[in-house]
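Protein chains in written order, with the numbering used here: chain A, 1227 to 1484; chain B, 1227 to 1484; chain C, 91 to 399; chain D, 41 to 301; chain E, 41 to 301. See structure below.
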Ligand SMILES: Nc1ncnc2c1ncn2[C@@H]1O[C@H](COP(=O)(O)OP(=O)(O)OP(=O)(O)O)[C@@H](O)[C@H]1O
Ligand SMILES: Nc1ncnc2c1ncn2[C@@H]1O[C@H](COP(=O)(O)OP(=O)(O)OP(=O)(O)O)[C@@H](O)[C@H]1O
Ligand SMILES: [Mg+2]
Ligand SMILES: [Mg+2]
């Protein structure tokens, strides 16, 4: 937000429905600037994954406009990487070869490829299973392969759909910090879906709370802590207060269960 | 633990390796009594899911003994229900028909079946999508179908592998409470895998912390709060202290990342 | 067991039901049988005959061997070979003194006599004894390509050689503006009869029926060739769409020209007759070609009625 | 727009093929009795339409019966074989023998046992169509996701329930692919049947019989017309299967469901 | 133990079938020229072993060449068709025409163009084996999980990369099933080729040729021996495919990987 540049991602009056189904997202207006770290939170089924897919142009917009870096999202796809909610590993490739896939596709030289891959594999703590096939991995390990795969390219925009949901708190916290470190280096813009408010607060510069039925922006919350953030940030009372505040907002938009 | 009955699940000197691979679980000794609610926590890949699968006899024990209700686990399978880490829904069945599957298999009459199914569907908040196919559901919705499916039978032993990992905190807390309510009624014994220490403390009578490489029991922790537990329990300082304590233990067994 | 019969008018003998299966779709070469049927010659002999057609893939031989049909037609050499491996066939009369089988070449083809076949490809039925015979007697070798009952290849390739009925295929070649010449296989020294076959077990049990069937069939053939063939021709044309009136006329004329049915009276040949000497010679040839499981006698193969020295 | 393309492209390809055909004929001077021109074939088809229609009706009856029998029995056999690995081990080799033994060996025996005519033609078609269905369906039945099998074990499904509720639906797309192959060869089965077993029923000749008649008369355009008539009948089978495929899978299978709109 | 069972069960089933065969023959008094006894067929096979072996060699050569050609070209054609729906729409109907037109229509044209002999036999086998491979492989190529396709879009894979790195590996089990079907009919292709385009001198034709010889001379046990010789050759193809199947899928596919041990 330091320059008055045009927003990197600009969404206006966006509506989305799948086929003839109910409206999933309605009246979404959102401008996101370069290097913002935006978390999306909201109740299950409110349209978070859908919004990411629209930004990635994996699903067509029903009405409204959506531009990425001034282009149609489809043309901007080269600048993005996506960590899907499901691990989507190729069952016939080992851990290493799954991580290498995007590099292979973009024709990175073999030596460079395996160097990057080794680094990413180490980052997610899978050094001990380079030749395992997906069916031999635990749920969390699969997700970590998927994370390593997305981080191995250096995107301008990173779309993360609950990447750390299947991980233990230790690994999760560590990967949170690694993610911020990479961000400090590569300066990507992130759209991050999570169900952990603490995680959202720790990572984001901005938190969007979605309300369900149809999905719409209920709150747009700026996180006041400066980067870099460390383990200490988590301990601070302001952090706790912020988490409590966002939780309250989230609670207020969640559908009451009869 | 009120009666001196023999343990419901008894595990002694258990070792597990897949094929010729590394040892996954080693020297596991564990007795679990009727109506205990045991949470399993530990770093990703340490063998939590494997342990549940061994108890369900979905994977053979390599060495050691494992009995369930005095029987081989295979024979005791009728008394168990399992919520898998992945949703494992049948893609050709709608939400309703997926939930009804186990009832159909055990030949419950159609009327009874749809009554139970409707109840469970309501419990997990999927009343509005009875005729959706899995491909039309969000990640959290899929998982909720899977939860509804497992709860629709009334098992003696419930095996839950990160059932609520993909859900938002609201839904998660609500389902936690519902689970305890059902438990109060049906008095099942639970093995519950989670990455949320708070959830483990809230739900369990006992928390087993697994250390990785190979998976072994690092701590066996009894949760001191009586049932029923309510939203207030979560707020109490003892609760917080307990969570902090378990987190510390968990942290201590997690592999240091170089 | 008795031959199956149909009830008849009071005072009459009940008709004996029998079936003849021909070796191919209905054609002029079956004319005599249809004539006998339609003119009532069989009925006059006390037979209720049903004629069913054969076809390129129809198991005619098996039908006869199993007794599903009682009568069929074929060549005397095949009959000898079959009898040698204990298949219950028996020849009850000749149907044609000379077999219409021939090799068809283009008019300009350099192939003028059998020796010229050396090294060439001939389309014919695999395993044909005459081919082995020709190769043996002329110390030559030619190649056999399985017969597919089509003529496109012949039309396309001026050097093509294929087996035919002298009475059939040349007609179509002419009609399509080309000219064919035939070499009668019988002229090469391999000279089987076309014969009426019976299931041997049936013929042994009902010699009268077999005799009556042969008699009526021969009468039918005489009438077909020398009387008015239109009755049979109409039936044949109805059964087989290929059999147009001009074609049938052509085939009948060819049968007459080649003296196929009656043969040469000067050589003692005549309708239905079978020469023991000629049969014996054929057995000897087949034996020398090692095509027989055991050496059979003429009397095993042919019933005595039409057998001549 | 999309709809037009669906028709236009195959039509265009067809026109290209016809053009190439005619071109090759002209350039190499290939004569009509080797390769007739498309036009001549069309003329022949029109001229002989009554005969060909009658023939098609005869052949398609046997082909359809054999095809349906192969679909039903193939499906059942695959199901039985998926019930136990032992069944599969014991039966599969002999099903292969049935498939691999040339039909000309079995056909005469069939004709003798059952007589010539529709039942025998049906059995011959059945023998030809059977294996593609069994091979595909069996593959589908054993390719089930291991996690799903675990699920069925946990809900205490017996073997039959596992097959009916899990394996069969999962194998459906495989079965339908097998059916598509079977559909494409059903007419060949019918024609083979015509030749071996249908030829003694008097004037009522199927396509196989007409092929022989035209071939024997050197009516080559008519011959090709008969061949394409068989083709057209084949398309009927394939279209029915494609329709079935669409109808059964439209709601859930990745091969049909459009990536969302 | 398991290993013994793998052999024992099919053997047992085989013995049962032979027993039934002999039994039926006895009870219904079926004579040898209708259904020969297994023993007679064995005797015939032994007596004719030299001829049958030579014949098998001839036929298997054409069958193998045609089979391999069908595998390669079928695979490539499917890949090309999966590159774009337009390709698929334009080509598929004509591939179907190739499959559905009775081979007896094409065979004479082929023989006229290429002459009798191995190349023509190969092409005829090819035509027979081609479609099962294309149908299955195409089905595999289009049955890819939608999420995987999304992944490939996100990593900016072009169409060719998507096909090569995603669709082809995913279609492998389907392709191999198609190959299994093709393998089981390759010998039939070879025999059909023998019938239409084989050529030989004296007694050394392919299996199809020998079938005609034995059939013409009503040597029924020898005929069945020839049929079973074809069967045995067919097993060679199927075995090769099964081996390939195991080798390619052993590490990751649910149909091969044992639920864990
Ligand atoms: N089928 C298999 N074959 C071989 N190895 C396996 C298999 N399944 C699991 N493993 C290995 O066993 C170990 C434990 O896996 P498990 O799924 O039990 O872990 P987990 O504790 O559930 O982890 P997570 O929290 O990530 O789900 C892992 O190292 C994994 O690689
Ligand atoms: N392919 C689809 N076809 C039809 N409806 C769909 C499809 N995908 C998602 N939906 C619907 O869109 C809504 C939003 O789904 P989405 O996956 O975006 O939710 P989410 O916010 O990511 O939820 P979760 O936290 O559970 O992952 C849901 O109600 C779902 O039923
Ligand atoms: Mg989602
Ligand atoms: Mg797990």
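Cβ coordinates follow ideal geometry from the N, Cα and C atoms, glycine included.
- The segment 271-322 of chain C contains, as complete alpha helix (DSSP H) runs of 4+ residues, the segments 290-295 and 297-316 (chain order).
- For residue 1277 of chain B, there are no neighbours in chain D by C-beta distance under 7 Å, as the nearest C-beta there is about 15 Å away.
- Residues of the segment 1410-1436 of chain A with a Cβ closer than 9 Å to any Cβ of chain E: none.
- If you draw a 10 Å sphere on the C-beta of residue 192 of chain C, you find 16 or more other C-beta atoms in it, and that means buried.
- B:1328 is the residue among B:1316, B:1247, B:1328 and B:1242 whose C-alpha sits nearest the C-alpha of residue 1304 of chain B.
- Residues of the same chain with a CB within less than 6 Å of the CB of residue 1380 of chain A, apart from the 5 flanking positions on each side, are 1412 in chain order.
- Residues of chain B whose Cβ lies closer than 8 Å to the Cβ of residue 200 of chain D do not exist; the shortest such Cβ separation is about 10 Å.
- Under the 10 Å beta carbon count, residue 1245 of chain B is surrounded by fewer than 16 other beta carbons and is classified as exposed.
- Per the DSSP secondary-structure output, residue 191 of chain C pairs in a beta bridge with C:255.
- With a contact defined as Cβ atoms closer than 8 Å, residue 249 of chain E and residue 238 of chain E qualify at about 5 Å.
- Remark: C-beta atoms of residue 1275 of chain B and residue 1387 of chain B approach each other more closely than 7 Å.
- Residue 1394 of chain A reaches chain B at 1267, 1268, 1269, 1270, 1421, 1476 and 1480, counting residues in chain order whose Cβ is nearer than 8 Å.
- Here the alpha carbons of residue 290 of chain E and residue 1390 of chain A stand approximately 31 Å from one another.
- Placement of the Cβ of residue 1265 of chain A at a distance of 6 Å or more from every heavy atom of ligand 3 is found.
- Under the Cβ criterion of 7 Å, residue 50 of chain E is counted among the residues facing chain D.
- Beta-bridge analysis with DSSP links residue 236 of chain C to C:214.
- Residue 1370 of chain A sits close to residue 1352 of chain A, with the two beta carbons spaced by under 7 Å.
- Proximity to ligand 3 was defined by a C-beta distance below 5 Å to any of its heavy atoms, and the residues meeting it, in sequence along the chain, are A:1275, A:1311, B:1364 and B:1365.
- Distance from the CA atom of residue 255 of chain D to the CA atom of residue 153 of chain E, rounded to whole angstroms, is 18 Å.
- About 6 Å separates the beta carbon of residue 278 of chain D from that of residue 220 of chain D, a gap short enough to meet the 8 Å contact definition.
- Runs of the beta strand (DSSP E) spanning 3 or more residues and lying entirely within the segment 1306-1350 of chain A occur at 1306-1309, in chain order.
- Ranking D:217, D:261, D:229 and D:252 by CA distance to the CA of residue 281 of chain D puts D:217 first.
- The DSSP-derived three-state label of residue 1242 of chain A is strand.
- Taking a Cβ-Cβ cut-off of 8 Å, the neighbours of residue 1244 of chain A in chain B comprise 1362, given in sequence order.
- Two segments are said to touch when three or more pairs of C-beta atoms, one from each, lie closer than 8 Å; by this definition the segment 186-204 of chain D touches the segment 115-129 of chain D.
- The criterion of a C-beta distance shorter than 7 Å is satisfied by residue 222 of chain D and residue 169 of chain D.
- Listed by position along chain C, the residues whose Cβ is nearer than 9 Å to that of residue 209 of chain E form an empty set, because the closest Cβ is around 43 Å away.
- Straight through space, the alpha carbons of residue 246 of chain D and residue 99 of chain D are spaced by roughly 5 Å.
- Apart from sequence neighbours up to five positions away, the residues of its chain that approach residue 1300 of chain B with a beta-carbon distance below 6 Å are 1283, ordered along the chain.
- Per DSSP, the beta bridge partners of residue 1266 of chain A are A:1419 and A:1434.
- Looking at D:266, D:105 and D:71, the one whose alpha-carbon comes closest to that of residue 242 of chain C is D:71.
- With respect to the 7 Å criterion, residue 288 of chain E and residue 212 of chain E are classified as neighbours on the basis of their beta carbons.
- Residue 369 of chain C is classed as buried because its beta carbon has at least 16 other beta carbons within 10 Å across all chains shown.
- Fewer than three beta-carbon pairs drawn from the segment 1466-1482 of chain B and the segment 275-288 of chain C are found closer than 8 Å, and the two stretches are therefore not classed as touching.
- Per DSSP, residue 187 of chain E is one residue of the alpha helix (DSSP H) stretching across 186-194.
- For residue 122 of chain E, the enclosing alpha helix (DSSP H) covers residues 89-123.
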